[in-house]
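S.K.: If you're matching positions, the sequence shown starts at 7 in this note's numbering and goes up one per residue. For glycine and all other residues, C-beta sits at the position ideal for the given N, C-alpha and C. Could you have a look at this structure, given as structure tokens, before my questions?
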Amino acid sequence: MRKKRSSKLKYLIVITVIISLFYLILYLYSSGHFFIEISCPDEGGTCKSSCSSWEFEGLACSQDNVCCIPLEENTIKLAMEKRDISLCQFITTTIAKKSCELAVLDIMDFDLALNFKDSKYCINIKNPSIKDSCFEESALQTNNKSLCSSITSIELKDVCFLNFVNSREDKVICDLISSDFYKERCLKKIAEITQDISICSQLKIYSEYYDCFSKVDLRKHATFNAECENLNKEDCKSQRGCKPLIINELKQAVEAYGGCARDEELFCTLTQGSWEDMPNAIMQTIEKGCICKNNKVYYRGYGCFDCDIFSNENVRKDCKDKL
Numbered sequence: 007m008r009k010k011r012s013s014k015l016k017y018l019i020v021i022t023v024i025i026s027l028f029y030l031i032l033y034l035y036s037s038g039h040f041f042i043e044i045s046c047p048d049e050g051g052t053c054k055s056s057c058s059s060w061e062f063e064g065l066a067c068s069q070d071n072v073c074c075i076p077l078e079e080n081t082i083k084l085a086m087e088k089r090d091i092s093l094c095q096f097i098t099t100t101i102a103k104k105s106c107e108l109a110v111l112d113i114m115d116f117d118l119a120l121n122f123k124d125s126k127y128c129i130n131i132k133n134p135s136i137k138d139s140c141f142e143e144s145a146l147q148t149n150n151k152s153l154c155s156s157i158t159s160i161e162l163k164d165v166c167f168l169n170f171v172n173s174r175e176d177k178v179i180c181d182l183i184s185s186d187f188y189k190e191r192c193l194k195k196i197a198e199i200t201q202d203i204s205i206c207s208q209l210k211i212y213s214e215y216y217d218c219f220s221k222v223d224l225r226k227h228a229t230f231n232a233e234c235e236n237l238n239k240e241d242c243k244s245q246r247g248c249k250p251l252i253i254n255e256l257k258q259a260v261e262a263y264g265g266c267a268r269d270e271e272l273f274c275t276l277t278q279g280s281w282e283d284m285p286n287a288i289m290q291t292i293e294k295g296c297i298c299k300n301n302k303v304y305y306r307g308y309g310c311f312d313c314d315i316f317s318n319e320n321v322r323k324d325c326k327d328k329l
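Below, the structure is given as structure tokens:
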């Protein structure tokens, strides 16, 4: 009797396993796991002939199921990065496809403007952000500040004009700047260049006022003063103590030259600071930064300094508050 019950139990178990395997195979078949994979090295990964794209993040099958292509939201970015307008054909929405084609044409005009050093190509650009970046880059590349006036973004226009402030005579450029913030930055820059501390007293924005006094004193005590801000990209790369700033725009599809600045890492180490990984609590990321020792405070672009170097009493106090 026990043997019969045991045999029935084994039989039920076998039947259950077979049924489970059947449904598992059916599921795998319907989900595309048993379809042939087709390699797509240009776009990355593979695509099933059944167009089961769920396991390929950011990818979908082409309409003829032949190959894998980026999902619509990634296609414009890829087309811009590769300067390949043919990729736009994979977008099914008419408006999105047109936007993709215009974006690629805009980037190509951007490239032409920089390659031929001719801002006329910027005029053809439809996207306001790309057009502004084109005029700013062309202005810096050809040393023509009048091109800054063609920029529609008020902030970017002010920054563009600010890049052309190199001497006391350039104070007239400050009058072309719209916002109070960048206008004061313009005056502060002139004070720093000329070492005229009286200009600092004219500033009304708290942060710019104290920064101006500190910058004038820092230049007197800096290891060496690299004149970076008035350099173009090519000269910036070759000047010791200077480093080009790159601005990533349009989801990093466009990299625009953002000017030349002092090399923070170099001046940190020259003033006995330590350039290390530091947590950014706001962005929740790890970034490189300068750690000063021996009761010194880090001033961006200059390095680590003792608070007693500052001539202005309020700036000395502000420095000690940072310790």
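Compare the C-alpha of S105 against each of L168, L118, M86, K123 and name the closest.
M.R.: S105 has its Cα closest to that of M86, out of L168, L118, M86, K123.
S.K.: In the DSSP assignment, find the unbroken alpha helix (DSSP H) run with I205 in it and report its ends.
M.R.: That run of the alpha helix (DSSP H) goes 203 to 206.
S.K.: Identify the continuous beta strand (DSSP E) that holds K335 and give its terminal residues.
M.R.: Because the chain in this structure spans residues 7 to 329, residue 335 falls outside the shown range and cannot be described.
S.K.: Which partner residues of P285 appear in the DSSP bridge assignment?
M.R.: P285 is bridged to I292.
S.K.: In the DSSP output, what is F311 paired with across the bridge?
M.R.: DSSP, once it has assigned bridges, lists V303 as partnering F311.
S.K.: Of all the CB atoms in chain D, is at least one closer than 8 Å to the CB of P285?
M.R.: Here there is only one protein chain, and chain D is not present.
S.K.: Could you say which of A232, L193, K239 lies nearest to D217 if we only look at CA atoms?
M.R.: Minimum Cα distance to D217 is reached at L193.
S.K.: Find out if the Cβ-Cβ distance for the pair V171, I136 is shorter than 8 Å.
M.R.: No.
S.K.: Quick one: what's got a C-beta closer than 8 Å to Q205's C-beta in the same chain, skipping five residues either side?
M.R.: It should be noted that the sequence gives Ile, not Gln, for residue 205. Closer than 8 Å at the Cβ level, and outside the excluded window around I205, lie L193, K194, I196, A197, C218.
S.K.: Curious, which full-length beta strand (DSSP E) runs of at least 3 residues does the stretch 67 to 137 contain?
M.R.: Those beta strand (DSSP E) runs which fall completely within the stretch 67 to 137 and span 3+ residues are 74 to 76.
S.K.: Tell me, please, whether the stretch 273 to 288 touches the stretch 307 to 318 by the rule of three or more beta-carbon pairs shorter than 8 Å.
M.R.: Output reads yes: the stretch 307 to 318 touches the stretch 273 to 288.
S.K.: Apart from the five residues on each side of it in sequence, which residues of its chain come closer than 6 Å, Cβ to Cβ, to C154?
M.R.: Closer than 6 Å at the Cβ level, and outside the excluded window around C154, lie A145, K163, C166, F167.
S.K.: Note down the Cα distance separating C140 from G264, rounded to an integer number of angstroms.
M.R.: When rounded, the distance between both Cα atoms is 11 Å.
S.K.: What are the residues that DSSP puts in a beta bridge with Y263?
M.R.: DSSP, once it has assigned bridges, lists I252 as partnering Y263.
S.K.: Starting from the N-terminal side, write out each stretch of the alpha helix (DSSP H) that is 4 residues or longer and does not extend beyond the stretch 145 to 171.
M.R.: Listed in chain order, they are 160 to 168.
S.K.: Could you tell me the alpha carbon to alpha carbon distance between T99 and T148, rounded to whole angstroms?
M.R.: Each residue's Cα considered, the two are about 40 Å apart.
S.K.: Between S185 and I160, which are expected to be in contact by the criterion C-beta below 8 Å, what is the C-beta distance as a whole number of angstroms?
M.R.: That pair is a contact at about 7 Å.
S.K.: Excluding sequence positions up to five away, which residues of its chain have a Cβ less than 8 Å from the Cβ of P134?
M.R.: Within the same chain, P134 has close Cβ partners T158, S159.
S.K.: Give me the Cβ distance between L224 and Y305, rounded to the nearest whole Å; I'm assuming they're in contact under 8 Å.
M.R.: With 8 Å as the limit, L224 and Y305 qualify as a contact, their Cβ atoms being about 6 Å apart.
S.K.: For R376, which of helix, strand or coil comes out of DSSP?
M.R.: The chain is shown from 7 up to 329; residue 376 falls before or after that span and cannot be answered.
S.K.: Within its chain, find whatever has a CB closer than 7 Å to the CB of N318; leave out the 5 residues flanking it on each side and keep chain order.
M.R.: Hits under 7 Å: F219.
S.K.: Terminal residues of the continuous alpha helix (DSSP H) containing T275?
M.R.: Start and end: 270 to 276.
S.K.: So who's on the other strand from S213, going by DSSP bridges?
M.R.: In DSSP, S213 forms no bridge with anything.
S.K.: Classify Y212 as buried or exposed, calling it buried when 16 or more other Cβ atoms lie within 10 Å of its own Cβ.
M.R.: It is exposed - the Cβ of Y212 has fewer than 16 other Cβ atoms within 10 Å.
S.K.: Whole angstroms are fine: how far does the CA of F116 sit from the CA of D138?
M.R.: Roughly 10 Å between the two C-alpha positions.
S.K.: Mind checking whether G295 and D269 have CB atoms under 8 Å apart?
M.R.: Going by C-beta atoms, G295 is not nearer than 8 Å to D269.
S.K.: Looking only at its own chain, which residues have a Cβ that is under 7 Å from the Cβ of I315, when we skip the five neighbours before and after it?
M.R.: These residues qualify, in order along the chain: D223, H227.
S.K.: Who are S280's beta bridge partners in DSSP?
M.R.: Paired residue(s): I297.
S.K.: Indicate the three-state DSSP secondary structure (helix, strand or coil) for V321 in the structure shown.
M.R.: It is helical.
S.K.: What do you get for K132, buried or exposed, if any count of 16 or more other CB atoms within 10 angstroms of its CB means buried?
M.R.: Classification for K132: exposed.
S.K.: So is R191 buried or exposed if we call it buried at 16+ other beta carbons inside 10 Å?
M.R.: By the neighbour-count rule (16 or more Cβ atoms within 10 Å), R191 is buried.
S.K.: Please return the same chain residues whose Cβ sits closer than 7 Å to the Cβ of N231, not counting the five positions on each side in sequence.
M.R.: R225, listed in sequence order.
S.K.: Tell me where the alpha helix (DSSP H) around L329 begins and ends.
M.R.: Run containing L329: none; DSSP gives neither H nor E here.
S.K.: Terminal residues of the continuous alpha helix (DSSP H) containing R4?
M.R.: Residue 4 cannot be examined here, being either before or after the span of the chain that is shown, 7 to 329.
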